[in-house]
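In what follows, a single structure is set out as structure tokens and then discussed.
Residue numbers (our numbering): 1 to 298.
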């Protein structure tokens, strides 16, 4: 559903887009992770009436492999369903924090993880263009090699345990997880690792959901999953491998897992505001579908 050659083409587009100033119109500003003291911010202003003021902070917690850092944003009052948020290959940055803020304003306690914490802490790239322009693919390659079903499962277990210890999380309700590009398969591995808590998982233009010949391919692990799934496929990824969506859907049906597998009118990266492929109408549809998944299952 995506490969590294395509990602590198996407990166070149991001560099060109930045150089011509197109990113200035996205409304995303560069920034660093929030300080560890909470700050109250207003709702994300997505046009919906039912929104919450939110509070956010940078946090750390122990995992089996070290100390993970993350960004935590949640409604300022009350307990709400928790969400484990896996970024794309460019990692934790302001575009992802803004996406989490918007979701939190709808009544979710969202934890955006730094998937590269074994090697580096905090934000490494202010946006996708800076990731591409600074040789990000080469830099993260050794970090990515450590991210497999087992390590992501350990991280997800630690993240869920941490969320369940927060006053802002309603432990009587299920936890959701969502991931983008590289983070797409992480959602399936997370749901398989913590099936008693993760009740909904969403992959947006996820790469590597079907890995033929690999027992730990996400589609081969659906028998361990209890969550309802949203698999949002980019139209260009589908054009490259149209069989992948059918293979995944068949595996879900055989495992008895509820899964909505759809191709969206947007190319790889269409949901992420700082990506060169960002497509607002399709991104809004993906957001609505995510909310429906969470509302029905958490």
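Glycine included, each C-beta is placed from N, C-alpha and C at the ideal position. As the structure is a computational prediction, the values presented were derived from the model and not from experiment.
Which residues DSSP lists as bridging residue i, in chain order
i           : result
residue 68  : 61
residue 293 : None; residue 293 has no bridge partner.
residue 109 : 82
residue 262 : 232
residue 169 : 80
Option in the options with minimal Cα separation from residue i
i           : options               : result
residue 65  : 295, 222, 88 and 158  : 158
residue 89  : 275, 280, 279 and 293 : 275
residue 86  : 285, 208, 281 and 187 : 187
residue 71  : 227, 101, 233 and 149 : 101
residue 232 : 212, 240, 132 and 207 : 207
residue 51  : 92, 62, 199 and 107   : 107
residue 313 : 170, 286 and 272      : The requested residue 313 is not part of the displayed model; the chain covers only 1 to 298.
residue 226 : 256, 57, 126 and 249  : 256
residue 78  : 69, 289, 105 and 153  : 105
residue 248 : 219, 60, 96 and 160   : 219
residue 261 : 228, 240 and 277      : 228
residue 200 : 212, 259, 163 and 62  : 259
residue 93  : 270, 73, 114 and 173  : 114
residue 287 : 146, 204, 251 and 120 : 204
residue 154 : 133, 170, 192 and 131 : 192
residue 176 : 183, 163, 198 and 190 : 198
residue 91  : 136, 110 and 75       : 136
Neighbour-count burial assignment, residue i, 16 or more Cβ in a 10 Å radius
i           : result
residue 295 : exposed
residue 297 : buried
residue 123 : buried
residue 215 : exposed
residue 165 : exposed
residue 194 : buried
residue 293 : buried
residue 254 : exposed
residue 282 : buried
residue 178 : buried
residue 67  : exposed
residue 265 : exposed
residue 167 : exposed
residue 267 : buried
residue 185 : buried
residue 246 : exposed
residue 84  : buried
residue 141 : exposed
residue 126 : buried
Start and end residues, beta strand (DSSP E) containing residue i
i           : result
residue 146 : Where residue 146 is concerned, there is no enclosing beta strand (DSSP E), given that its DSSP letter is neither H nor E.
residue 180 : 175-180
residue 96  : Premise fails: residue 96 lies in the alpha helix (DSSP H), 94-104, not in any beta strand (DSSP E).
residue 86  : 82-86
residue 204 : 198-204
residue 228 : 228-234
Simplified DSSP assignment, three categories, for residue i
i           : result
residue 212 : coil
residue 194 : coil
residue 298 : coil
residue 123 : coil
residue 75  : strand
residue 187 : helix
residue 225 : coil
residue 267 : coil
residue 157 : helix
residue 91  : coil
residue 220 : helix
residue 207 : coil
residue 238 : helix
residue 282 : helix
residue 116 : coil
residue 274 : coil
residue 28  : Here the model assigns residue 28 a pLDDT of 32, short of 50, so the residue's position is not dependable and the matter cannot be decided.
Where the alpha helix (DSSP H) containing residue i begins and where it ends
i           : result
residue 129 : 128-133
residue 251 : 242-255
Distance cut-off 7 Å: residue i Cβ against heavy atoms of the ligand ADP
i           : result
residue 200 : For the structure depicted, the ligand ADP is absent and the ligand set is empty, with no information on it obtainable.
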